[in-house]
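The numbering used here numbers the first residue of the first sequence as 10 and each following residue consecutively. Accompanying notes for the structure given below.
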Amino acid sequence: MPELPEVETVVRYVRPKIVGKTIQKVVPQNNYDKVFATHTVRQFNKLLTGQVIKNVVRRGKFIVFNLDRGHLLIHLRMTGRLLLKLSEDDKPKHLTAIIYFKDKSFLYFKDYRKFGRLYYYDSLDYINNKLGIEPLSKSFTGDWLFKNLQNYKRQLKPLLLDQSFIAGLGNIYVDEALWSAKLHPQQIGLSVSRKKADILHSAIQRLLQTAIDNQGTTIINFYFGKGKSGNFRDQLKIFGRQDKDCPRCGTKIEKIRVAQRGTHICPHCQRI
DNA sequence: GGGATTGTTTAAAC
DNA sequence: CGTTTAAACAATCC
């Protein structure tokens with residue numbers, strides 16, 4: 010379940026290995042042509058062939074390959090993985106695409122649930138218009154969060170998951186951030202005080218940065234490189250810890266549903 | 001075989 | 001009518 014820290018980890022892993030390479034072709038695997046979200050297979054290749062990867066960056070949960078002209082974007086969704094080499098347990102039937110480089114090397118897109126997608130855009134305007142603020146950018150401040158929370162009477166959980174509000178948060182880090190700030194996921198945005206907004210802002214930035222420093226969180230399926238998993242899982246306070254004790258007050262952690270999503274809360278620390 | 005899992009898009013409800 | 005919520009969708013595993 011790659012969220013911002015996991016995507017950033019992947020970007021940092023592949024960047025030094027593929028920057029400078031020239032794309033020869035991009036081939037869907039197992040007849041899964043819809044892995045290309047924006048174009049047909051033919052169109053996609055026409056646009057990409059011969060282009061050099063100038064840099065690899067992250068925007069929200071998108072992996073962005075900056076090319077000579079235009080951008081190749083990859084979204085891992087739930088189970089997508091980028092591999093430079095295949096190992097024994099990488100079954101061919103789980104591959105959805107292979108990028109061939111001019112130097113005879115490859116980049117494999119493995120995705121056993123096949124929700125992940127590749128996109129091509131001439132400009133990043135399209136996704137920049139759809140995505141909200143980058144939570145690790147300088148412009149994301151406590152002041153920004155307080156002001157913008159006031160525009161919504163939505164519940165905090167679905168609001169924080171909304172990529173057009175803040176780009177990059179997913180189920181894990183939203184639950185962790187709300188627990189850290191002692192905010193209930195069903196509290197509505199405009200009722201959050203200035204002080205609480207500051208605390209939530211700090212929690213989000215601290216969690217994301219610490220998770221990146223620990224190469225992300227592996228719950229089930231996040232791996233990068235040669236089977237390496239994220240180490241942040243050990244530092245999760247509440248996600249996946251239902252029926253265990255709250256690390257802060259000892260109350261039993263509950264798993265509830267908020268906006269159709271599994272949500273972990275401490276009923277003592279987090280109240281509306 | 002039903003339910004859980006994800007983020008995004010689309011449809012419905014408020 | 002704009003905002004918010006729910007459902008649909010992709011596919012797989014247990």
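All C-beta atoms in this analysis are idealised placements derived from N, C-alpha and C, irrespective of residue type, glycine included.
ILE221: member of the alpha helix (DSSP H) spanning 203-222, first to last residue.
Fewer than three beta-carbon pairs drawn from the segment 73-81 and the segment 184-191 are found closer than 8 Å, and the two stretches are therefore not classed as touching. Check the Cα spacing between LEU140 and each of LYS70, ALA268 and ILE32: the tightest is with LYS70.
Here LEU154 is not near ALA186, since their CB atoms are 7 Å or more apart. With a cutoff of 7 Å on beta-carbon distance, GLN52 and TYR109 are scored as not near each other. When DSSP assignments are scanned along the segment 103-128, the uninterrupted stretches of beta strand (DSSP E) that are 3 or more residues long and fall wholly within it turn out to be 104-110 and 115-120. For ILE281 against GLN159, the beta-carbon gap comes to about 17 Å, at or over 8 Å, which does not count as contact.
Per DSSP, THR272 is one residue of the beta strand (DSSP E) stretching across 270-274. VAL61 places its beta carbon less than 7 Å from that of ASP77.
Look at the segment 128-213 and you find these whole runs of alpha helix (DSSP H), each 4 residues long or longer: 134-139, 151-158, 165-170 and 180-189.
Cβ-Cβ distances below 7 Å link LEU95 to TYR117 in the same chain, with the five nearest sequence neighbours on each side left out; the list follows chain order.
Between LEU104 and GLN38, the CB-CB gap stays under 7 Å. According to the DSSP secondary-structure assignment, LYS264 is paired through a beta bridge with HIS273. Membership of ILE32 in the beta strand (DSSP E) is indicated by the continuous run 32-37.
The beta carbons of ASP120 and GLY89 sit closer together than 7 Å. A straight-line Cα-Cα distance of about 43 Å links ASP184 and GLY59.
Annotated as distal: ILE265 and ARG250, with beta-carbon spacing of 7 Å or more.
When DSSP states are grouped into helix, strand and coil, ARG21 belongs to the helix group.
For VAL28 against ARG67, the beta-carbon gap comes to about 14 Å, at or over 8 Å, which does not count as contact. Residue state for VAL44 is assigned as helix, using DSSP reduced to three classes. Taking a C-beta distance under 7 Å as the contact criterion, HIS273 and PHE248 qualify as a contact pair. In the three-state scheme derived from DSSP, where H, G and I count as helix and E and B as strand, VAL50 is classed as helix. Distances from the alpha-carbon of LEU93 to those of LYS147, TYR128, TYR130 and TYR22 put TYR22 closest. Annotation: the continuous beta strand (DSSP E) that includes VAL66 extends over 62-68.
Burial check for GLU97: the Cβ neighbour count within 10 Å stays below 16, so the residue is exposed. Straight-line spacing of the CA atoms in ASN75 and LYS63 works out to 5 Å.
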